[in-house]
Amino acid sequence: MKNFTEGSIARHLRRFSLPIVVTSLLQVSIQLINGLWVGNLLGSAAFGAVTVGTILMMVVLAFVMGVNQATLTIFAQLRGRGDVGAIRAYLSTFVIILLLLSAFIGMAGYVFADALLRLLNTPPAIFDQARVYLQITYGATLLLVGYNFISTVLRAFGDSRTPLYFVLLATALITVLSPLFIGVFEWGITGAALAFVGAQGGAFLYSLVHLSRKFPGHGFRLQLPRWVEVQTILRLGVPSGLQMVVIHSGTTVILSLVNSLGAHAVAGFGAAQRLDHLILLPAVALGTAITAMAGQNIGAGHWRRISQITRAGVIYTTSIMLLLATMLYIWAQPLVMLFIQDEASVEFGTRYLRTIAFFYPFIGLNFVFNSVVRGAGAMFAVLALNIISLWILRIPLAYGATALFGDNGVALGIGISFMISSLFSLAYYRWGGWRNRLLFK
Numbered sequence: 004m005k006n007f008t009e010g011s012i013a014r015h016l017r018r019f020s021l022p023i024v025v026t027s028l029l030q031v032s033i034q035l036i037n038g039l040w041v042g043n044l045l046g047s048a049a050f051g052a053v054t055v056g057t058i059l060m061m062v063v064l065a066f067v068m069g070v071n072q073a074t075l076t077i078f079a080q081l082r083g084r085g086d087v088g089a090i091r092a093y094l095s096t097f098v099i100i101l102l103l104l105s106a107f108i109g110m111a112g113y114v115f116a117d118a119l120l121r122l123l124n125t126p127p128a129i130f131d132q133a134r135v136y137l138q139i140t141y142g143a144t145l146l147l148v149g150y151n152f153i154s155t156v157l158r159a160f161g162d163s164r165t166p167l168y169f170v171l172l173a174t175a176l177i178t179v180l181s182p183l184f185i186g187v188f189e190w191g192i193t194g195a196a197l198a199f200v201g202a203q204g205g206a207f208l209y210s211l212v213h214l215s216r217k218f219p220g221h222g223f224r225l226q227l228p229r230w231v232e233v234q235t236i237l238r239l240g241v242p243s244g245l246q247m248v249v250i251h252s253g254t255t256v257i258l259s260l261v262n263s264l265g266a267h268a269v270a271g272f273g274a275a276q277r278l279d280h281l282i283l284l285p286a287v288a289l290g291t292a293i294t295a296m297a298g299q300n301i302g303a304g305h306w307r308r309i310s311q312i313t314r315a316g317v318i319y320t321t322s323i324m325l326l327l328a329t330m331l332y333i334w335a336q337p338l339v340m341l342f343i344q345d346e347a348s349v350e351f352g353t354r355y356l357r358t359i360a361f362f363y364p365f366i367g368l369n370f371v372f373n374s375v376v377r378g379a380g381a382m383f384a385v386l387a388l389n390i391i392s393l394w395i396l397r398i399p400l401a402y403g404a405t406a407l408f409g410d411n412g413v414a415l416g417i418g419i420s421f422m423i424s425s426l427f428s429l430a431y432y433r434w435g436g437w438r439n440r441l442l443f444k
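In the working numbering, the protein residues as written are 4 to 444.
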């Protein structure tokens with residue numbers, strides 16, 4: 004457990020974010036491994052179904068995952084304050100809230116799977132397979148949320164290595180289960196969903212066993228929540244959850260645009276999105292580290308270190324994103340062909356990645372500035388910035404650019420929105436009122 008209120012900020016950021024990068028890489032590789040087996044054994048239609056199913060799954064899970072992200076801010080600030088009693092009380096309250104949300108959202112997603120697919124204009128050729136994938140993954144919502152919650156709490160306390168072990172197990176499980184269920188047992192799309200759920204569930208069970216062994220007799224027990232705890236969690240969790248809904252629902256609108264371009268575009272976009280997620284991993288990981296570091300220092304009242312954290316984040320993120328963008332531009336086509344071989348789909352995915360590649364540093368800056376603000380607990384401000392980025396900029400620009408430039412317009416519109424939204428995030432960081440949002444007095 005690291006204390007970020009003292010010592011070298013640059014060293015803390017490097018050492019703390021590296022395990023998060025590896026963890027995030029492994030998390031994405033879980034989807035990649037599953038996608039590789041689906042695309043190569045079941046075909047482009049099944050691959051498109053999993054792409055649509057994954058995006059819709061994340062839309063339904065978005066709110067509960069957003070509430071989970073509020074734990075990072077709350078526990079980081081409590082860690083900075085050194086308030087052990089409050090940590091135990093908030094931990095109990097968070098567990099109760101996430102259990103209830105997981106049960107409700109999982110059931111709602113299962114029941115309304117067909118309606119969600121129709122809302123997204125899912126092509127008939129992949130509709131039935133997408134529904135099967137959705138309903139199985141929705142039924143396992145608690146497993147998907149569980150170890151992510153435990154990992155977030157550990158990171159708030161300065162431990163980014165232990166969550167890596169959880170995801171290592173999930174990766175090992177998906178590596179075995181995907182070919183077994185899809186190739187050997189020939190369970191098709193059902194096997195792909197069960198392999199994903201099995202990997203996530205195994206990681207969750209291991210995280211519970213690990214905590215019980217590492218902290219025997221620690222004294223944690225569920226207790227009746229107090230209103231002050233519920234109020235604080237909701238004050239951060241609701242806008243944080245809405246942020247995730249805004250992000251993932253915005254993605255579904257973009258996917259609806261891609262769906263209108265044909266099945267080849269859906270498959271090509273699906274492959275490009277998997278690579279897109281890989282490229283963004285360092286920025287996401289640095290953002291998580293920045294939120295934890297900023298939260299601890301704000302909780303301890305060390306405001307002078309915040310600008311140093313931001314400066315280090317900007318330097319690291321911009322450098323890494325420029326390097327990765329260059330690599331992606333050069334190797335876009337062979338990387339897309341890892342997932343699909345259909346010529347039209349490969350062409351769409353390759354053009355998408357080469358168009359958007361050098362806009363990535365701008366989205367990296369978004370992560371840095373928004374992560375510092377999130378560490379202060381100004382969740383409504385981050386929500387507003389995400390609404391501007393997605394619904395006012397990205398979606399209209401993507402639709403407009405597609406109308407003007409055809410298939411190439413999807414990536415161009417999204418890329419331009421990255422650039423403009425980074426200016427909004429910078430402006431709020433410099434002149435916004437987030438420094439006055441105190442969670443604990």
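Note that the Cβ used here is the ideal one computed from N, Cα and C, for glycine as well. Quick caveat: nothing in here was measured; it's all calculated off a predicted structure.
Proximal residues to residue i (C-beta, below 6 Å), its chain only, five neighbours per side dropped
i	result
Ile-366	Phe-421
Trp-190	Phe-184
Gly-412	Ala-404, Thr-405
Phe-361	Ala-328
Gly-42	Phe-50, Phe-342, Ile-343
Gly-240	Val-70, Ala-73
Arg-158	Ala-295
Val-55	Thr-125, Ala-133
Ala-196	Tyr-136, Ile-139, Thr-140
Leu-386	Pro-242, Leu-245, Gln-246
CB-CB length for residue i against residue j, believed under 8 Å
i	j	result
Ser-163	Phe-19	5 Å
Leu-16	Ala-315	5 Å
Ala-92	Arg-229	7 Å
Ala-414	Tyr-332	Going by Cβ atoms, the distance from Ala-414 to Tyr-332 rounds to 12 Å, so no, they are not a contact pair.
Ser-455	Gly-435	Residue 455 is absent from the structure shown; the chain starts at 4 and stops at 444.
Ile-312	Ile-99	That belief does not hold up - the Cβ atoms of Ile-312 and Ile-99 are roughly 32 Å apart, past 8 Å.
Leu-225	Leu-29	In fact, because the Cβ distance is near 31 Å, the residues do not count as touching under 8 Å.
Boundaries of the alpha helix (DSSP H) in which residue i is found, first to last residue
i	result
Ser-322	307–339
Glu-2	The question about residue 2 has no answer here: the residues shown for the chain are numbered 4 through 444.
Leu-227	From DSSP, Leu-227 is part of no alpha helix (DSSP H); its letter is neither H nor E.
Ser-509	Because the chain in this structure spans residues 4 to 444, residue 509 falls outside the shown range and cannot be described.
Ala-303	Where Ala-303 is concerned, there is no enclosing alpha helix (DSSP H), given that its DSSP letter is neither H nor E.
Trp-190	Note, Trp-190: premise wrong, no alpha helix (DSSP H); not H, not E.
Trp-394	Neither: Trp-394 is in no alpha helix (DSSP H) and is coded neither H nor E.
Phe-351	346–359
Phe-169	165–181
Residues of its chain near residue i, where Cβ-Cβ distance is below 7 Å and the 5 sequence neighbours each way are ignored
i	result
Asn-389	Gln-246, Val-249, Ile-250
Ile-36	Ile-177, Thr-178, Ser-181
Ser-105	Val-67, Thr-144, Leu-145, Val-148
Pro-22	Ser-163, Arg-164, Leu-167
Gly-38	Phe-50, Val-53, Arg-277, Phe-342
Ala-118	none
Asp-345	Ser-47, His-267, Ala-270
Gly-201	Leu-176, Leu-180
Residue of the options minimising C-alpha distance to residue i
i	options	result
Met-61	Thr-144, Gly-83, Ala-48, Ile-423	Thr-144
His-267	Ala-13, Ser-428, Ala-128, Ile-33	Ala-128
Asn-369	Leu-208, Thr-294, Leu-341, Ser-215	Thr-294
Ser-348	Gly-194, Trp-306, Gly-265, Ile-417	Gly-265
Ile-77	Arg-433, Arg-14, Ile-257, Gly-302	Gly-302
Leu-284	Thr-8, Val-25, Gly-10	Val-25
Gly-46	Ala-274, Ile-33, Thr-358, Val-200	Ala-274
Leu-137	Arg-82, Leu-429, Phe-199	Phe-199
Ser-252	Leu-120, Arg-433, Ala-89, Lys-5	Leu-120
Gly-205	Ile-33, Ala-173, Glu-346	Ala-173
Ala-5	Val-53, Arg-82, Ser-27, Arg-216	Correcting the residue type first, residue 5 is Lys in the shown sequence and not Ala. Considering only alpha carbons, the answer is Arg-82.
Gly-85	Asn-151, Ala-65, Ile-153, Phe-7	Phe-7
Thr-57	Tyr-319, Leu-407, Val-269, Ile-236	Val-269
Leu-102	Asn-151, Ile-318, Arg-307	Asn-151
Tyr-432	Arg-377, Leu-122, Phe-207	Arg-377
Ile-306	Val-261, Ile-391, Asn-439	Looking at the sequence itself, residue 306 is Trp, so the reference to Ile does not match. Residue Asn-439 is the option with its Cα nearest to Trp-306.
Ala-65	Leu-208, Val-231, Ser-27, Pro-242	Pro-242
Gly-142	Leu-260, Asp-131, Val-114, Ala-202	Val-114
Ser-95	Thr-193, Leu-227, Leu-59, Asp-131	Leu-227
Phe-427	Ala-292, Asp-410, Leu-393, Leu-441	Leu-393
Spatial neighbours of residue i in its chain, beta-carbon cut-off 8 Å, leaving aside the 5 residues before and after
i	result
Thr-321	Pro-364, Gly-367, Leu-368
Gly-186	Trp-40, Leu-44
Ile-257	Arg-397, Ile-398, Ala-401, Val-413, Ile-417
Val-31	Arg-277, His-280, Leu-281, Leu-284
Leu-429	Leu-368, Phe-372
Closer than 7 Å: residue i CB and nearest the ligand ZN heavy atom
i	result
Asn-6	Absent from the structure shown: the ligand ZN. Ligands present: none.
With a floor of 4 residues, list each alpha helix (DSSP H) that falls wholly inside the segment 100–155, ordered by position along the chain. 116–122, 127–141
For the segment 15–86, list the alpha helix (DSSP H) runs that are entirely contained and at least 4 residues long, ordered along the chain. 47–84
Can you list, in chain order, the stretches of the alpha helix (DSSP H) that have 4 or more residues and sit fully within the segment 398–431? Those alpha helix (DSSP H) runs which fall completely within the segment 398–431 and span 4+ residues are 398–408.
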